[in-house]
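Undergrad: Residue numbers 1 to 258, in the UniProt record's numbering, belong to the letters of the sequence shown in order.
Even for Gly, the Cβ is constructed at its ideal location relative to N, Cα and C.
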Amino acid sequence: ALTPEQQAVVQQALRDRGFKKAITGAEATHRNIQRLQPGKWLDDEVINFHMNTFANANGDEVKAAKLAARRARQAYGYWNVHAFITGMYTRIEEGGHKAVARWTKKVGDVFVKDRLLFPINRGQSHWVCACINLRERRFEFYDSMAGGSWEREAAEHLSDWLVSEWRAKKAAAHGGRELDVSGWQRYTCRTNPQQRNGYDCGVFSVLMIEQLSRRDPKNIPYFRQRMIYEISSEYRARPSVFSADPASHLPAAQLLDY
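1. Figure out for me which residue from Phe-118, Leu-14, Gly-25 has the closest Cα to the Cα of Pro-38.
2. Which parts of the stretch 130 to 191 are runs of the alpha helix (DSSP H), unbroken and 4 residues or longer, counting only runs that do not cross its ends?
3. Where do the ends of the beta strand (DSSP E) carrying Val-81 lie?
4. Within the stretch 5 to 57, note down every full beta strand (DSSP E) run reaching 3 residues or more, in order along the chain.
5. For Gly-183, which of Arg-35, Ala-130, Val-163 has the nearest alpha-carbon?
6. Within a Cβ cutoff of 6 Å, which residues of the same chain sit near His-30, ignoring the five residues on either side of it in sequence?
7. From Ile-47, Gln-12, Lys-40, pick the residue whose C-alpha is nearest to that of Ala-28; which is it?
8. May I ask you to report which of helix, strand or coil DSSP gives Arg-115?
9. For my contact list, Arg-115 and Asn-133 are in at a C-beta cut-off of 8 Å; report their separation, rounded to the angstrom.
10. When you compare only the Cα positions, how much space is there between Phe-49 and Cys-131?
11. Using a 10 Å radius around the Cβ and a threshold of 16 neighbouring Cβ atoms, would you call Tyr-235 buried or exposed?
12. Any idea which residues DSSP pairs His-97 with across the strands?
13. Can you confirm whether the stretch 100 to 119 touches the stretch 80 to 90 when touching is taken to mean that 3 or more C-beta pairs between the two stretches lie within less than 8 Å?
14. If you count every other CB in all the chains shown that lies within 10 Å of the CB of Lys-106, and 16 or more means buried, which is it?
15. With distances taken between CB atoms, is the gap from Asp-160 to Gly-96 smaller than 9 Å?
16. Residues bridged to Ile-120 by DSSP?
17. Taking the straight line between their C-alpha atoms, what separation do you get for Thr-24 and Asn-52?
18. Looking only at its own chain, which residues have a Cβ that is under 7 Å from the Cβ of Val-110, when we skip the five neighbours before and after it?
19. Judging by CA-CA distance, which residue of Leu-2, Ile-231, Ser-144, Gly-108 is the nearest neighbour of Ser-125?
20. Taking just the CA atoms, how far does Asn-32 sit from Asn-197?
21. By DSSP, does Gly-87 sit in helix, in strand, or in coil?
22. Using the beta-carbon count (16 or more within 10 Å), is Pro-4 buried or exposed?
23. So that I know if they touch, is there some Cβ in chain B lying closer than 9 Å to that of Ser-159?
24. Please state whether DSSP places Thr-104 in a helix, a strand or coil.
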């Protein structure tokens with residue numbers, strides 16, 4: 001549970017109609033954080049704020065968090081990942097690799113990551129999460145309302161994008177060899193927690209992306225408040241599995257070895 005001091009920060013933020021917080025690439029207003037009240041459906045701005053929190057790691061506090069994350073990965077096997085913002089998959093779906101070429105240019109070399117994570121808004125009504133697991137060579141899908149049939153189409157879009165990204169950024173350095181993902185597994189998780197209502201999917205997706213998917217659904221009210229607190233305060237020092245650790249980079253050539 002949040003401490004009384006943290007609860008006070010949350011309540012003040014919820015009452016403040018002029019509330020606004022901005023970080024590089026994202027902004028959250030009073031209207032946005034109201035979406036974190038119980039029973040509300042999260043919007044793009046709230047999810048993107050958290051995705052950019054991971055991506056914009058800087059400053060002394062975050063350097064300490066990076067060091068803690070590096071030590072945690074070494075001790076507990078955390079992964080080196082990149083979490084994309086919500087519009088990434090939509091652009092891939094609508095325009096393919098060309099539509100996001102400038103976005104990934106800013107990210108850098110995605111092939112040094114273990115996992116690439118995508119929050120996906122299905123039909124403007126349901127949040128899910130997809131993962132390109134480069135280390136395991138598979139496309140993974142997480143849905144807090146299992147039973148849909150979106151995974152096959154998503155796998156096709158993501159595999160096409162990944163192959164094109166390799167061709168544009170890595171093939172020349174590897175003798176022109178193409179990335180063959182035809183043998184990669186498509187994995188749909190059937191054991192992740194399931195929401196018990198029609199509005200917590202956004203929170204579940206953020207938790208999956210934070211690798212907290214093993215949390216019990218009864219903790220959702222706490223996580224809604226924690227997300228408000230993290231947006232409204234300057235709290236950024238928690239150890240994060242999203243901090244880049246060069247020591248854990250996956251050699252791109254390994255993707256060509258079978």
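TA: Quick answer:
1. Leu-14
2. 151 to 169
3. 81 to 83
4. 20 to 23, 26 to 29
5. Val-163
6. Arg-17, Phe-19
7. Ile-47
8. strand
9. 5 Å
10. 19 Å
11. In this predicted model, Tyr-235 has a pLDDT of only 48, less than 50, meaning its place in the structure is not dependable enough to derive any value.
12. According to DSSP, which records beta bridges pairwise, His-97 is partnered with nothing at all.
13. yes
14. exposed
15. yes
16. Val-128
17. 7 Å
18. His-82, Thr-104, Leu-116, Glu-165
19. Ser-144
20. 20 Å
21. helix
22. exposed
23. Considering every chain present, this structure includes no chain B. It has just one protein chain.
24. helix
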